[in-house]
RNA sequence: GCCCCCAUAGUUCAAAGGAUAGAACAGUGGUUUCCUAAACCAUUGAUCCAGGUUCGAGUCCUGGUGGGGGCGCCA
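In the numbering used here, the protein residues as written are 102 to 666.
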């Protein structure tokens with residue numbers, strides 16, 4: 102990548118001028134086109150530390166800098182910025198190379214890390230709902246992006262398959278289960294019996310008794326419990342199938358049951374956990390934000406809770422996969438829990454160096470800025486949400502392209518509808534709450550999936566018209582501003598991927614792809630491809646590269662493309 | 001009460017301590033004998049308040065104001 106070459110050259114020049122400088126912080130980044138193609142502001146910081154004049158330092162560094170292989174000029178601007186302007190021949194050289202390679206403007210990360218990603222985590226016997234969508238989509242996208250960059254990624258769906266709710270479910274199953282309803286819609290029926298038992302105070306003791314039987318290994322209850330899990334997993338698989346989401350492992354909470362007592366005992370022996378009002382708790386007297394907010398690791402009834410399960414899970418992941426990093430993709434409301442979990446783990450396993458990251462996200466709100474619900478105030482089920490996305494997209498496709506046959510329109514609607522839904526989520530900063538709005542996400546203009554998918558179809562349409570599927574590599578000439586701008590933007594795909602990986606924010610990639618589609622649209626307006634004579638092969642190559650980057654970029658967001666729409 | 005998160009055009013969102021805060025939607029005006037006009041071009045308009053650190057602050061620190069969330073036996 103040219104960017105990296107320039108950065109390396111700059112680091113060498115800085116090291117020669119200032120032998121004691123930490124050049125790892127000397128970075129080169131894309132910048133506003135009015136200043137150049139890449140920019141570095143590192144010299145201002147270095148000059149400041151040394152009480153030097155930043156422009157003089159810049160002058161001295163530039164005198165030692167040779168980037169003529171890639172740049173037509175390097176300027177010192179403002180208080181001490183370096184602005185780099187790319188040489189068209191250098192850019193077209195990289196494009197030519199990429200055209201005949203699988204490496205699309207990015208390089209594998211060195212070193213490659215092992216990253217465990219914990220996401221989605223639905224509950225057994227409950228419908229997957231809108232609350233699971235951000236975790237599922239974000240986690241899947243991060244997994245894909247980190248894998249593309251060459252990391253070893255382990256995805257683990259930590260489903261909620263254990264806990265007090267099973268007492269009520271078991272009691273309901275034995276007393277009020279409607280077999281036919283279960284057959285027709287198992288999740289709805291399990292939800293119904295749970296609600297029925299839960300709302301009746303007088304059944305509390307009976308439900309508790311069922312729970313105890315389950316916990317002590319009663320074979321009937323274990324078998325019913327397993328049925329509930331299997332029925333739920335079928336539902337999960339259907340939703341994941343539609344979303345194109347997969348997991349390497351599905352290890353639910355129950356997987357760790359046998360380890361919980363040992364974890365608590367270990368914490369007690371090491372004086373990390375202490376008894377309080379019959380429960381075992383961990384306090385954080387030295388940890389400012391956690392002070393006064395103890396975590397319970399064993400309830401007074403002797404049962405462990407989720408903090409303990411998460412500790413056992415951590416231990417298992419550490420032993421099994423030796424991760425460099427573990428990501429927890431969950432709602433921001435669980436921040437306290439994860440701070441406590443990480444703090445306990447640091448004390449319990451100080452030798453473990455894996456970095457633990459809570460990759461949290463904000464809420465999805467309705468137009469009224471309250472949590473997103475249906476009109477009648479119900480939680481929105483995920484399957485219904487996917488149906489509606491496809492249905493709304495089908496209406497649009499039918500309106501825009503009535504000549505396509507029904508099956509083709511259905512398939513396009515599936516790709517466009519699900520793409521729009523995912524992109525609306527991923528294109529926002531994950532930490533923001535965002536307002537769910539069908540019309541905006543499916544809009545045909547603006548920063549939406551349909552806009553990006555449309556850019557792709559326009560490229561494919563050119564190849565269809567040309568009667569070819571791909572173009573054989575040749576010289577690339579970047580003679581117009583639109584061609585040059587598009588080409589230069591293609592080079593930065595890898596930077597966008599790295600930016601996502603550094604902060605676990607796919608919205609950076611969305612922004613990059615949206616800009617790419619914009620550059621392509623301007624190129625498309627200004628530069629005829631077919632019937633452009635000598636320029637045709639060069640322009641077709643540019644089209645093909647843009648299409649490949651769009652497809653791969655959307656692909657790692659979990660979004661498909663289509664040749665026609 | 002304590003703790004956490006958030007605050008940017010009319011609206012929805014961006015912004016690696018960097019340059020004149022960037023888009024989109026909505027609004028207004030324009031572009032098609034030409035590869036999909038689901039497009040393109042032009043244009044109006046914003047950092048909650050008060051201090052501080054810095055050559056430079058939407059970004060970091062302190063104190064307010066407003067909103068959301070969490071606080072020992074749900075996850």
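Idealized CB from N, CA, C, for every residue including glycine.
Between residue i and residue j, is the Cβ-Cβ spacing less than 8 Å?
i	j	result
residue 287	residue 251	no
residue 607	residue 242	yes
residue 598	residue 610	yes
residue 107	residue 185	yes
residue 238	residue 488	no
residue 535	residue 466	yes
residue 556	residue 603	no
residue 312	residue 348	no
residue 191	residue 574	no
residue 523	residue 658	yes
residue 124	residue 140	no
residue 581	residue 627	yes
residue 233	residue 483	yes
residue 277	residue 244	no
residue 272	residue 308	yes
residue 381	residue 364	no
Specify the secondary structure class of residue i as computed by DSSP and reduced to three states.
i	result
residue 509	helix
residue 580	coil
residue 605	coil
residue 468	coil
residue 476	coil
residue 281	helix
residue 230	strand
residue 371	coil
residue 211	coil
residue 462	strand
residue 682	Since the first and last residues shown for the chain are 102 and 666, residue 682 lies out of range.
residue 201	coil
residue 666	coil
residue 149	helix
residue 517	helix
residue 526	helix
residue 269	helix
residue 172	strand
residue 363	helix
Since residue i is in the beta strand (DSSP E), which residue starts that stretch and which ends it?
i	result
residue 628	Careful: residue 628 lies outside any beta strand (DSSP E) and carries neither H nor E.
residue 432	426 to 432
residue 735	Residue 735 lies beyond the residue range present for the chain, which begins at 102 and ends at 666; the question has no answer from this structure.
residue 139	139 to 141
residue 453	It is not in any beta strand (DSSP E) - residue 453 carries neither H nor E in the DSSP assignment.
residue 339	Note, residue 339: premise wrong, no beta strand (DSSP E); alpha helix (DSSP H) at 320 to 344.
residue 644	Unbroken run through residue 644 is the alpha helix (DSSP H), 637 to 657; no beta strand (DSSP E).
Hey, residue i and residue j are a contact pair by Cβ (cut 8 Å); roughly how many whole angstroms apart?
i	j	result
residue 193	residue 648	Incorrect: roughly 18 Å between the Cβ atoms, too far for contact.
residue 216	residue 424	6 Å
residue 462	residue 432	7 Å
residue 180	residue 153	Between residue 153 and residue 180 the Cβ distance is about 12 Å, and since that is not below 8 Å, they are no contact.
residue 655	residue 618	The Cβ separation is near 10 Å, so there is no contact.
Provide the residue span of the alpha helix (DSSP H) that contains residue i, from first to last.
i	result
residue 103	103 to 118
residue 420	407 to 422
residue 309	305 to 316
residue 396	Here residue 396 belongs to no alpha helix (DSSP H); instead the beta strand (DSSP E) covers 396 to 399.
Q | Validate contact between the region 327 to 339 and the region 281 to 300 using beta carbons, cut 8 Å, 3 pairs | A | Yes, since at least three Cβ pairs between the region 327 to 339 and the region 281 to 300 fall closer than 8 Å, the two stretches touch.
Q | Touch test, the region 461 to 480 against the region 444 to 452, Cβ-Cβ under 8 Å, three pairs minimum | A | Result no; under three Cβ-Cβ pairs closer than 8 Å.
Q) Hey, is the region 522 to 533 in contact with the region 579 to 594, meaning 3+ C-beta pairs nearer than 8 Å? A) Contact between the region 522 to 533 and the region 579 to 594 is absent, because fewer than three Cβ pairs lie under 8 Å.
Q: Count the CB pairs spanning the region 507 to 523 and the region 488 to 497 that are closer than 8 Å, and state whether there are at least three.
A: Cβ pair count under 8 Å is three or more, so yes.
(Q) Across the region 224 to 232 and the region 628 to 641, are there enough close Cβ pairs to call them in contact, namely three or more that are closer than 8 Å? (A) With the cut-off at 8 Å, the region 224 to 232 and the region 628 to 641 do not touch.
Q) How about the region 394 to 403 and the region 354 to 374: do they share at least three Cβ pairs that are nearer than 8 Å? A) Flag = yes, the region 394 to 403 and the region 354 to 374 touch.
Q: Kindly confirm or deny that the region 353 to 363 and the region 253 to 267 touch, where touching means at least three C-beta pairs closer than 8 Å.
A: Short answer: they touch.
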